[in-house]
Amino acid sequence: GRRLVVVGASLAGLRAVEAARKSGFDGSVVLIGAEPHLPYDRPPLSKAFLDGAGLPAFRTEEVLRDELGVRLVLGAPATALDTAARVVTAGEREFGYDALVIATGAAARTLPGTGGLTGVHTLRTRDDALAVRSALDDGARTVVVGAGFIGSEVASAARKRGLDVTIVEALPTPLVRAVGETMGRACGALHARNGTDLRCGTGVAAVEGDGRVERVRLTDGTVLPADLVVAGIGAVPATGWLAGAGLSLDDGVVCDETLFTGAPGVYAAGDVARWHNPAFGRHMRLEHWTSAAEQGATAARNALDPANAKPYSTVPYFWSDWYDSRIQFVGVPATEEVRVVDGDPGGDRFVALYREGDRLAGALTLNGQTQIMKYRALIMRGASWADGLEFADRRRSALE
Ligand code: FAD
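Using UniProt numbering, the first residue of the sequence shown is number 3, and each one after it goes up by one.
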């Protein structure tokens with residue numbers, strides 16, 4: 003029979019094996035994962051899990067093995083890919099494939115020079131989250147490096163417990179790359195309102211301690227006492243194992259609009275994939291839950307039936323939970339014009355739209371759960387900027 007191999011046993015990898023079976027594929031399916039765990043969900047790691055909630059696996063081992071007929075190879079990082087022989091190597095073991103989905107995601111960037119110190123963490127895996135949670139349980143004075151989404155969520159969790167927390171952000175404004183300057187400032191203001199000390203425009207000079215972290219020295223000379231340091235300074239696509247495989251690597255595995263890598267039978271999905279998104283006519287690599295799940299399914303179906311491969315086209319979407327607020331963003335953070343069309347960016351609820359040329363390119367809401375998907379649909383349809391403004395007007399007057 004034919005053989006599907008999926009490398010990376012997380013969201014995109016799981017959705018790949020599920021979609022393969024759903025499409026009727028009855029050959030063998032192997033799911034190879036570096037972590038020893040069954041696939042689990044990452045967004046709760048920096049949210050409910052830090053507050054004490056459990057972390058259920060997506061699927062039990064029985065369902066994966068018996069119902070989906072998946073051979074699980076866990077705790078076994080793939081180490082090489084031979085696209086000519088169609089073989090994936092994981093240490094001593096080799097797995098031949100007819101179809102391959104690369105779903106190895108991304109790994110957290112670490113703070114340089116903190117190697118030997120305990121109490122310094124990133125937050126990407128279940129094991130990371132356990133360590134951070136137990137430090138919070140101990141009442142750690144917390145320093146978060148990086149005012150991005152994950153760092154901000156960690157700060158929220160620490161504040162919910164009433165702990166002292168400082169966020170150190172090297173750039174003058176938080177989240178500039180993700181949501182632009184004005185909205186970055188508006189989101190950053192949530193920290194001060196909730197008792198987090200956000201310090202922008204200063205870097206970390208050194209993280210110091212004797213075996214375990216004791217203090218963080220900033221480039222502006224400030225010294226912050228710390229029992230826990232969490233670095234939220236971004237993630238890098240996990241492509242190291244693909245060196246020498248002959249795939250095109252450029253901040254991710256470069257793919258066409260069907261997630262095809264160019265090597266026969268090989269597709270990529272999720273945080274590791276940089277694919278051509280027809281909705282925006284450009285290559286993108288997203289680190290968002292929704293697209294990782296959808297790409298996993300699409301990549302598997304396309305890998306198993308390349309003659310009928312379908313493009314994956316999407317308006318990027320992500321959410322993040324800070325304190326009692328939910329931030330949601332759709333589209334791309336175009337910088338030409340950002341306009342607040344509802345609410346007040348200094349308050350607890352607002353909607354902002356992003357313009358690119360004469361097109362509506364993005365939308366951000368704070369506590370605007372009922373609106374955000376409407377803007378996503380508008381952007382997917384290729385709505386003009388004028389359409390976006392008019393839609394916002396009509397909504398506002400309907401609500402008034
Ligand atoms: P990953 O989830 O990164 O999984 C890749 C897997 O592949 C990992 O298990 C890794 O160990 C494994 N792997 C790596 N190398 C190898 C190898 N050589 N061989 C075998 N296996 C390998 N997104 C949102 O939209 N909203 C949120 O609120 C949100 N919150 C988040 C909070 C946290 C703490 C984190 C870490 C992420 C969050 N995300 C959020 C992003 C979202 O979780 C990711 O987009 C999603 O997990 C990507 O799935 P993936 O399967 O592509 O990659």
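Note that beta-carbon positions come from the ideal geometry of N, C-alpha and C, so glycine has one too.
Could you check whether residue j and residue i sit closer than 9 Å to each other, using their CB atoms as the reference points?
i: Val332; j: Pro318; result: yes
i: Leu230; j: Val134; result: yes
i: Ile34; j: Val75; result: yes
i: Gly203; j: Glu171; result: yes
i: Ser327; j: Leu362; result: no
i: Gly283; j: Gly211; result: no
i: residue 463; j: Tyr99; result: The structure shown does not extend to residue 463, since the chain spans only 3 to 402, so no value can be given for it.
i: Ser250; j: Gly267; result: no
i: Asn196; j: Trp321; result: no
i: Cys189; j: Ile329; result: yes
i: Val31; j: Leu70; result: yes
i: Gly234; j: Phe151; result: yes
i: Val146; j: Val274; result: no
i: Ala101; j: Leu306; result: yes
i: Ala385; j: Arg357; result: no
i: Val256; j: Trp243; result: no
i: Gly186; j: Thr175; result: yes
i: Ala157; j: His193; result: yes
i: Arg161; j: Pro227; result: no
i: Gly246; j: Ala131; result: no
i: Val206; j: Leu288; result: no
i: Thr116; j: Val181; result: no
i: Gly370; j: Ile381; result: no
i: Gly93; j: Pro79; result: yes
i: Thr106; j: Ala294; result: no
i: Lys376; j: Arg351; result: no
Between the Cα of residue i and the Cα atoms of the options, which residue gives the shortest distance?
i: Asn279; options: Lys312, Ala172, Ser322 and Gly211; result: Lys312
i: Gly148; options: Leu132, Arg328 and Leu125; result: Leu125
i: Ser399; options: Val8, Arg179, Val343 and Glu358; result: Val343
i: Gly236; options: Val218, Leu177 and Glu69; result: Leu177
i: Asp360; options: Ala336, Trp387 and Gln371; result: Trp387
i: Arg23; options: Asp140, Gly298, Ser158 and Glu37; result: Gly298
i: Val238; options: Arg111, Ala36 and Cys257; result: Arg111
i: Arg44; options: Val353, Thr372, Gly272 and Ser315; result: Gly272
i: Leu200; options: Ala233, Thr116, Thr168 and His290; result: Thr168
i: Val8; options: Gly345, Ala302, Gly348 and Val353; result: Ala302
i: Ala108; options: Asp253, Thr316 and Thr372; result: Asp253
i: Asp140; options: Tyr42, Asp166 and Ala21; result: Asp166
i: Thr224; options: Val90, Arg396 and Ala208; result: Ala208
i: Val19; options: Ala36, Arg383 and Arg67; result: Arg67
i: Ser29; options: Ala294, Lys49, Ala36 and Arg4; result: A small fix is needed here, since residue 29 is Gly in this sequence, not Ser. Cα-wise, what sits closest to Gly29 is Arg4.
i: Ala86; options: Ala14, Gly248 and Gly56; result: Gly248
i: Leu119; options: Arg95, Glu63 and Val218; result: Val218
i: Thr62; options: Gly54, Val72 and Asp53; result: Val72
i: Val338; options: Leu355, Asp350 and Pro347; result: For clarity, residue 338 is Glu in the given sequence; the question names Val instead. Nearest of Leu355, Asp350 and Pro347 to Glu338, Cα basis: Leu355.
i: Gly54; options: Phe27, Ala159 and Leu13; result: Ala159
i: Ala36; options: Thr91, Glu296 and Phe27; result: Thr91
i: Ser25; options: Arg351, Arg179, Asp258 and Asn310; result: Asn310
i: Leu366; options: Pro38, Glu183, Pro58 and Glu96; result: Glu183
i: Ser48; options: Arg378, Gly153, Phe27 and Asp395; result: Gly153
i: Thr316; options: Asn304, Ala281 and Pro308; result: Ala281
i: Pro46; options: Pro58, Pro38, His39 and Leu40; result: Pro58
Per DSSP, which residues does residue i bridge with? Please list them.
i: Asn279; result: Arg284
i: Ala240; result: Answer is none; Ala240 lacks a bridge partner.
i: His123; result: Val232
i: Arg95; result: Ala92
i: Tyr269; result: Val103 and Phe262
i: Tyr319; result: Val332
i: Ser386; result: Arg361
i: Ser327; result: Trp324
i: Phe352; result: Gly345 and Leu368
i: Cys202; result: Glu171
i: Ile374; result: Paired residue(s): none; Ile374 is not in a bridge.
i: Val7; result: Val32 and Leu102
i: Tyr42; result: Ala59
i: Thr144; result: Val167 and Leu230
i: Glu210; result: Arg217
i: Glu339; result: Arg357
Does residue i get closer than 9 Å to chain D when you measure Cβ to Cβ?
i: Phe320; result: The displayed structure is made up of one protein chain only, and chain D is not part of it.
Under 8 Å by Cβ, that's how I've got residue i and residue j pegged, so tell me the actual separation to the nearest angstrom.
i: Phe51; j: Leu16; result: No, Phe51 and Leu16 are not in contact; Cβ-Cβ is about 18 Å, not under 8 Å.
i: Leu261; j: Thr300; result: 6 Å
i: Gly345; j: Val353; result: 6 Å
i: residue 407; j: Tyr42; result: A question about residue 407 goes unanswered here, because the residues of the chain that appear run from 3 up to 402.
i: Glu296; j: Tyr269; result: Actually they are not in contact, since the Cβ atoms of Glu296 and Tyr269 sit about 13 Å apart, beyond 8 Å.
i: Gly390; j: Ala191; result: Contact doesn't hold; Cβ gap of about 24 Å is too wide.
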